[in-house]
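Counted the way our numbering counts, the sequence shown spans residues 202 to 347. Every residue, glycine too, gets a C-beta built ideally from N, C-alpha and C. Predicted model only: the values in this text are computed from it and were never measured.
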Amino acid sequence: MADDLKITKSQLLRLLKYRYFGPPLLVLASLHFLGMLSFYYTTTWYDSALHLAGGFWIGLIYLEWARIRNEKFILSEAEVFKVILFALMIGLAWEVFEVVYDLTFAENSGFLPLNGGLFDTAKDLILDMVGALIATFTIRHNRKEA
202 MADDLKITKS
212 QLLRLLKYRY
222 FGPPLLVLAS
232 LHFLGMLSFY
242 YTTTWYDSAL
252 HLAGGFWIGL
262 IYLEWARIRN
272 EKFILSEAEV
282 FKVILFALMI
292 GLAWEVFEVV
302 YDLTFAENSG
312 FLPLNGGLFD
322 TAKDLILDMV
332 GALIATFTIR
342 HNRKEA
């Protein structure tokens with residue numbers, strides 16, 4: 202199992218050169234810049250856009266990693282499920298990080314468990330998975346055109 206997760210240096214370099222990474226990375230960088238301008242607190246859709254774009258990017262990373270690991274990779278329904286599950290795992294890790302950060306470092310973070318927090322977390326995780334699903338459709342559509 203551990204050998205399945207290993208990736209060589211050349212595989213990592215191929216992963217980083219992947220042609221689909223540029224636009225999503227640009228979107229994430231733009232959203233990060235908007236966050237520095239306090240969009241998180243002033244714009245209602247901002248958090249949703251971050252999670253949708255992040256899920257999309259995580260989906261692309263998983264799909265390219267799977268393709269690098271297996272040149273004969275086929276995007277089956279089982280693989281689509283794995284992509285969505287991977288995005289959910291990363292999303293859960295991020296949500297745990299947010300809670301720990303708020304409880305540990307953020308002064309007056311306003312974090313109140315069960316006070317909208319569960320709805321926001323559920324929405325974030327759903328958007329992470331939807332973003333990953335959109336990534337699978339994008340890859341499938343582009344492969345059919347090629």
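| Asked | Found |
| --- | --- |
| THR244 versus ALA254: straight-line alpha-carbon distance, rounded | 16 Å |
| PHE287 - containing alpha helix (DSSP H), residue span | 278 to 305 |
| Validate contact between the region 326 to 334 and the region 281 to 290 using beta carbons, cut 8 Å, 3 pairs | yes |
| Boundaries (first-last residue) of the alpha helix (DSSP H) holding TRP258 | 247 to 270 |
| Endpoints, alpha helix (DSSP H) assigned at PHE240 | 240 to 243 |
| LEU289 and ASP248 closer than 8 Å at C-beta | no |
| Three-state class that DSSP yields for ILE275 in the structure shown | coil |
| SER211 to ALA294 span [Cα, whole Å] | 27 Å |
| When LEU264, GLY292, ILE291, ILE269 are compared against ALA279, the one with the closest alpha-carbon | LEU264 |
| DSSP three-state assignment for THR209, whether helix, strand or coil | coil |
| Exposure label - MET337; buried when at least 16 CB within 10 Å | The displayed chain sequence assigns Thr, not Met, to residue 337. Buried is the call here. |
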